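S.K.: Heads up: the sequence lines are chains A and B, in that order.
Going by the working numbering, the first residue of the first sequence is number 1, and it counts up by one from there.
Going by the working numbering, the first residue of the second sequence is number 1, and it counts up by one from there.
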Amino acid sequence: AQSVAQPEDQVNVAEGNPLTVKCTYSVSGNPYLFWYVQYPNRGLQFLLKYITGDNLVKGSYGFEAEFNKSQTSFHLKKPSALVSDSALYFCAVRDMVVTGGGNKLTFGTGTQLKVEL
Amino acid sequence: GAGVSQSPSNKVTEKGKDVELRCDPISGHTALYWYRQSLGQGLEFLIYFQGNSAPDKSGLPSDRFSAERTGGSVSTLTIQRTQQEDSAVYLCASSLESNGYNEQFFGPGTRLTVL
Chain A
1 AQSVAQPEDQ VNVAEGNPLT VKCTYSVSGN PYLFWYVQYP NRGLQFLLKY
51 ITGDNLVKGS YGFEAEFNKS QTSFHLKKPS ALVSDSALYF CAVRDMVVTG
101 GGNKLTFGTG TQLKVEL
Chain B
1 GAGVSQSPSN KVTEKGKDVE LRCDPISGHT ALYWYRQSLG QGLEFLIYFQ
51 GNSAPDKSGL PSDRFSAERT GGSVSTLTIQ RTQQEDSAVY LCASSLESNG
101 YNEQFFGPGT RLTVL
């Protein structure tokens, strides 16, 4: 079975400071990993994904994430936070081992990011 | 091009009534997914369609929930005899194909409130 954990319900950071939103996963094979962002009253928007290759993945809006296989983590980062980055962030995983379940993603419970002036 | 659209955006119903939620995926996307998002919870997978294959219904919480996808495009999620615990935001997503690594594109959701 595949699972993902986001240990922090909320992260607060000052504008201009670096931000990190944590994600750890569990799969039986190798993972496909995704980050999505949800702004109030909106659907989820894709930010970035790790499939294979370089462990550092760059995505939309200046976000990046680092895949760490030994720590089974895929933390989301941004060097300099903006107030407009305030939103709900979801990490998601799919096990590359085909279990007959198709392209099912398992999502974390989300981390609310609050960037303050 | 247009993204994933869902209707209605909000639905308030009385306990015991049936509701239908609609999803229009991105044109050309062969895979379509329904999720449920409850307050303080992550996204709960409900059902998945891929082309003409039989849908994966493994996430449907009870037999009151059903979904269909007509002509490989529009999908309808039906909840019969709604209960208060069905109150949630229902999200639809589509992706180019079901190969595991295509990102999913989400609609804005339908907020369902069961009184």
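Note that CB positions come from ideal geometry on N, CA and C, so glycine has one too.
Keep in mind the model is a prediction, meaning the values are calculated, not measured.
Taking the alpha-carbon positions, what's the Val89 of chain B to Asp63 of chain B distance?
M.R.: Roughly 19 Å separates the two Cα atoms.
S.K.: In whole angstroms, what is the alpha-carbon distance linking Ser9 of chain B and Val93 of chain A?
M.R.: Each residue's Cα considered, the two are about 28 Å apart.
S.K.: So, with DSSP's three-state summary, where would you put Asp85 of chain A?
M.R.: Helix.
S.K.: Please report the distance separating the alpha-carbon of Phe106 of chain B from that of Ser26 of chain A.
M.R.: Cα to Cα, Phe106 of chain B sits roughly 24 Å from Ser26 of chain A.
S.K.: Is the shortest distance between the beta-carbon of Gly71 of chain B and the beta-carbons of chain A less than 8 Å?
M.R.: Taking Cβ atoms only, chain A never reaches closer than 8 Å to Gly71 of chain B, which makes this a no.
S.K.: To the nearest angstrom, report how far apart Gln41 of chain B and Ser73 of chain A are at their CA atoms.
M.R.: Their backbone Cα atoms lie some 21 Å apart in a straight line.
S.K.: From this set, B:Ser73, B:Ser38, B:Cys23, which residue's C-alpha is nearest Asp86 of chain B's C-alpha?
M.R.: Ranking the options by Cα distance to Asp86 of chain B, first place goes to B:Ser38.
S.K.: Does the beta-carbon of Arg81 of chain B have 16 or more other beta-carbons within 10 angstroms, so that it is buried, or is it exposed?
M.R.: So Arg81 of chain B ends up on the exposed side.
S.K.: Can you tell me whether Asp85 of chain A is buried or exposed, with buried defined as 16 or more other CB within 10 angstroms of its CB?
M.R.: Per the 10 Å Cβ criterion, buried.
S.K.: Report the residue from A:Leu44, A:Leu76, A:Gln45 whose alpha carbon sits nearest the alpha carbon of Lys58 of chain A.
M.R.: Ranking the options by Cα distance to Lys58 of chain A, first place goes to A:Leu76.
S.K.: Taking the straight line between their C-alpha atoms, what separation do you get for Lys69 of chain A and Asn55 of chain A?
M.R.: Distance between the alpha carbons of Lys69 of chain A and Asn55 of chain A: 9 Å.
S.K.: Where does Ser7 of chain B sit, in a helix, a strand or coil, going by DSSP?
M.R.: Ser7 of chain B: strand per DSSP, three-state reduction.
S.K.: Sort out for me which residues DSSP pairs Tyr36 of chain A with in a bridge.
M.R.: Its beta-bridge partners are A:Phe46, A:Phe90.
S.K.: Would you give the residue range spanned by the beta strand (DSSP E) that Asn12 of chain A belongs to?
M.R.: Run containing Asn12 of chain A: 10-14, per the beta strand (DSSP E) assignment.
S.K.: What does Glu85 of chain B reach in chain A if we use C-beta pairs closer than 8 Å?
M.R.: Within 8 Å Cβ-Cβ: nothing; Glu85 of chain B doesn't reach chain A, min ~18 Å.
S.K.: How about Gly108 of chain A and Ala5 of chain A: are their beta carbons less than 8 Å apart?
M.R.: Closer than 8 Å, so yes.
S.K.: Express the C-alpha separation of Ser95 of chain B and Trp34 of chain B in angstroms, rounding to a whole number.
M.R.: C-alpha separation (whole angstroms): 12 Å.
S.K.: Confirm, please, whether the CB-CB distance from Ala81 of chain A to Asn17 of chain A is below 8 Å.
M.R.: Yes, Cβ-Cβ distance for Asn17 of chain A and Ala81 of chain A is below 8 Å.
S.K.: Specify the secondary structure class of Asp86 of chain B as computed by DSSP and reduced to three states.
M.R.: Reduced to three states, the DSSP call for Asp86 of chain B is helix.
S.K.: My assumption, with CB atoms under 8 Å, is that Ser75 of chain B sits in contact with Glu68 of chain B. Please give the rounded CB distance.
M.R.: That belief holds up - the Cβ atoms of Ser75 of chain B and Glu68 of chain B are roughly 7 Å apart, short of 8 Å.
S.K.: Glu103 of chain B touches chain A at which residues, Cβ-Cβ below 8 Å?
M.R.: Per Cβ cutoff of 8 Å: Phe34, Phe46, Lys49.
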